[in-house]
Amino acid sequence: MQASDVASPGRPAALRTPEPHEPLLDEPTRDLCSAVADGALAPVRLAVVAPGGYGKTAVLRQVARRVEARGGTVAWFGQQDLGTAELILADDAHDADETALAELYERTGDEVTGLVIAARPWPRPPALNKVLSRLRGQVVLRPLDTRRVAALLGRERAGLAELVRAQTLGVPGFVVRLAEALRTEPAAAVRPDATGLPPSVLAEFRPDLDRLPRDLLSLLLAATSGAGLDVNLLAGVLGTDHDGVARAVDAVRACGLLTHDGTPLPLVSQALRVLVPEERRLAVSHRLVRLQLDREGPVLDLVRPLLGSELGGAELAEAFEAAADEAAEDDPALAATLYAAATRAGRSPTALGCRWAEVAARSGDLDTALRLADQVIADPDAEGRAHAAGTAATAFVHRGQNERAREMYRWSATRLSHLNAALIAVRDGGLADAEALLDSAASESAQEPPTLVTGAMSALVRGTVESVTSEPSLALSTLADAAETLGPVGRSLFLPDTPAAVGALVGMQCGELPLAETLLKQAVETEVGGQTARSRHLLLTAWIAMLRGDTDSATRTLATVDGEPTPRDWLLSSGLRAGLARRTSDLGALRTIWADVREAVLRLRVDLFTILPFGELAIAAARLGESERLTHQLGRMRAVLGALGDPPLWSATLHWSGLHAAITADRRDEAAEHAMALSRCADRLGDHTGYHRAIAEAATCWIDILGGAVDAARVESAAGALHDTGLRWDAARLAGQAAIRTTDRAAMVSLLERARALQGGTAAGASRPAPRADPGGLSERERQVAELVVSGLTYRQVGDRLFISAKTVEHHMARMRQRLGATSRADLLDRLREFVTTS
């Protein structure tokens, strides 16, 4: 693409000649031009050396205008009689012949007449070097910034400045041409947030491509096809030696088409893709791939342009396969696409099936992973059948089909499969099976080398077993060690679960929320387990925020979970959304969530790791009067825990959610049973965790509150202990509900203040400032009620937020209506909206 400078007299203008006011030159360059024109540098000896398109001619014309404006004389070398001009301007000196350069050299010895020479950095004949060596300084030309690009576009198109700057990298010549092309486009044709340019705009540059020599066009095509400045590849494409490549690169770079690192300008890349015939582009890409395969180099970047083409053959199939192997660790979705392309080019699907299934699974496409793995397993001659079985087994775990997973792990019969099967056995309540599988994995270690993966997964299983058989601190320590071990290698693994996720589950159920959060944060940062595990880690992170009562953070984190969740993560997400709806008193959202899950949840298998979401859904079901929908699942959950000996760490979580479900459904006897069970869990753990003692004491307080016996001091103490474990929302709710139900006015005030302090994140009982009257004549409490009612909450939802009854909210509304002189409820709401908006 011939990126010419702004045209000088006597030369065809490839670019529109800018008017003097146009901001092609930055302030330092304009100041230099002024100094030259004013004689401050006399006799001036300056070089303006820059690639095409950077505005060399604009500099010369600016100097000429300034000199002529003060009455001086200027002559253009080779185009005018130089005569007695006080300043000679020589443009495009790189194109001058030997005779012209010899004359310029003589002019450099003239100490009276000024001389400014503009040239590209290439070609640089020796005679031009001699001329430039006699000059005293060089003007540095810079790309245009966004402000100057906007000025060139004009007021109507200034909003496209960022787009134009990104496409041209600020090269002035391209900015001017692109601005001209955009002026002819309808305003709606190009959006400021567009990633590319319309073909009609790019067509402006077709003549430039047509004028490029064939070797320079091939070089640009190779650069846009991933070759960069690889001299060996470019030499093969151009059919030349290294010196020939260097000359071609210098020529293209001198035109302003390549950046210093060999990357074409985005505008140039787009023009090549749109304007050069596809067969020409594919021929260059194919040639690059063949050269790279011959020298056994990486081919991923070179193969990308060939995706979607109709080309085939063994050579291209080999290239797609090699590129897929390269992409597998960092981009499993791309790797899966490349393996598919390899099969379309002629590679046997079974030969790729094992690797293809794994990357498909890691990218979240479990159906494709299972289909491919099944093809490999069914072929007795296929390679990697055991590995394919392990991939299928792990995919079944993510689908919630643990029995099928264990069957596949047993058939795979590798050490890692034994460890994964042991983890599933514990989750399903088979502690003896898990220990037997651990023994089998240990015996396999003699035949298989010890790796970080097997070491980490062995620790994961041990930590899970310890969470059932020992105190929580021991399990957490083991799981944290497993997470640290897996960190360096976990990014490219497809796992049934990660140490970070299991450690977070254990941490949440024993009050170690900071450690749980740290494990998850590290796992997200190091991308352990790939995309499938990332979703799980983010969901668990959001769950921790929800437990703390930070529903805003939980909602934001939930929104960052990408893609379609696996069935297991869908359950976790559904429980999380239900928990958020409950904590924000959003009954409408709760009904919507329950409508989405009420049928599907019956088809999901429960296990040890699904206690949290099933427990939260049980509370939602109780709130909506549909507890019987989960009777079978909760019975199965109790059976799993019973088979494991009712481990207090896990059992307490089920009883805690069961307590709240029973309270919600007003089943007091059932609630009392859960409270007693929580006390037994705390007794079994003894001094190993204060968390279980805190929730047991809180449960006892709940039962007393339901019976009308409110001991304010005991409730405040229990709520403070809950807050200290991280259950801040539960702590505030306990104090608030006690305040609503007590008949002691002083106790009510104390508990309400305590609830507000706990809700605000402080365990101290410092009271809030006394209610104050605001400018609208409303008290602090009335203002709070007004804001929540205007936001659309019902009286009951407002009461839940403020720890007051719905009846009290109604009384506040009646008083505000009277005080504000509202004639109707609609009038009152209009006045409150105005107040809330302006306050």
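If you're matching positions, the sequence shown starts at 233 in my numbering and goes up one per residue. Don't be surprised by glycine CBs; every beta carbon is placed ideally from N, CA and C.
In this structure, L910 and V872 do not form a Cβ contact; the two beta carbons are roughly 18 Å apart against a cut-off of 8 Å.
Between L866 and A850 the beta-carbon gap is near 6 Å, inside 8 Å, which marks them as a contact. In terms of Cβ geometry, L684 and L718 form a close pair [threshold 8 Å].
Within the region 484-519, not a single complete beta strand (DSSP E) segment reaches 3 residues in length.
When C-beta atoms of the region 955-963 are compared with those of the region 922-932, three or more pairs fall below 8 Å, so the two segments count as touching.
Take the alpha-carbon of S702 and the one of V1021: they are about 49 Å apart. A712 places its beta carbon 8 Å or farther from that of H769. The C-alpha of A657 lies about 50 Å from the C-alpha of S457. With a cutoff of 8 Å on beta-carbon distance, L663 and V700 are scored as near each other. Shown here for G310: same chain residues with a beta carbon closer than 8 Å to its own, the five before and five after excluded, namely A322, A328, A332 in chain order. Per DSSP, reduced to three states, the secondary structure at R374 is coil, with no helix or strand assignment.
Judged by DSSP in its simplified three-state form, R277 adopts strand.
Residue pairing of L395 in beta bridges, as defined by DSSP: absent, with no partner found.
If you look at A351, you'll find it isn't in any alpha helix (DSSP H); it sits in the beta strand (DSSP E) that goes 346-351. Rounded to the nearest angstrom, the gap between the Cα atoms of R814 and L984 is 20 Å. Counting only runs of at least 4 residues, the region 533-608 fully encloses the following alpha helix (DSSP H) elements, listed from N- to C-terminal order: 546-559, 564-576, 581-594. Taking all protein chains in view, the Cβ of A1058 is surrounded by fewer than 16 other Cβ atoms within 10 Å, so the residue is classified as exposed. If you draw a straight line from the Cα of E542 to the Cα of A554, it comes to about 19 Å.
L891 has no beta-bridge partner at all, per DSSP.
Of the candidates S889, A884, G874, the residue whose Cα lies closest to the Cα of A852 is S889. Counting the other Cβ atoms within 10 Å of the Cβ of Q370 gives fewer than 16, which makes it exposed. Exclusion of the five residues before and after L470 leaves D447, S450, L451, G476, V477, A480 as the residues of its chain whose Cβ lies within less than 7 Å of its Cβ.
The C-beta of A301 has fewer than 16 other C-beta atoms within 10 Å across all chains shown, which makes the residue exposed. For the pair L566 and A559, the CB atoms are nearer than the 8 Å cut-off. Between S806 and I825, the beta carbon gap of about 6 Å places them in contact (Cβ cut-off 8 Å). Using a Cβ-Cβ distance cut-off of 8 Å, the region 402-409 and the region 305-319 are not in contact, since fewer than three pairs of beta carbons, one from each stretch, lie closer than that value. Under DSSP, L321 forms a beta bridge with W308, V348.
Between A688 and P731, the beta carbon gap of about 6 Å places them in contact (Cβ cut-off 8 Å). Contact between R647 and A673 holds, since their C-beta atoms are separated by about 5 Å, short of 8 Å. For G369, DSSP records a beta bridge to L278. G341 has its alpha-carbon roughly 21 Å from the corresponding atom of G304. Rounded to whole angstroms, the Cβ separation of A411 and V396 is 7 Å, and the two are in contact under 8 Å. Here the region 282-292 lies against the region 363-382, with 3 or more beta-carbon pairs under 8 Å apart. In the same chain as L602, and ignoring 5 residues on each side of it, the C-beta atoms closer than 7 Å to its own belong to A624, A627, in chain order.
Inclusion of T600 and A592 in the CB contact set at 8 Å is warranted, their separation being smaller than that value.
Rounded to the nearest whole angstrom, the CA to CA distance from P797 to A1038 is 38 Å.
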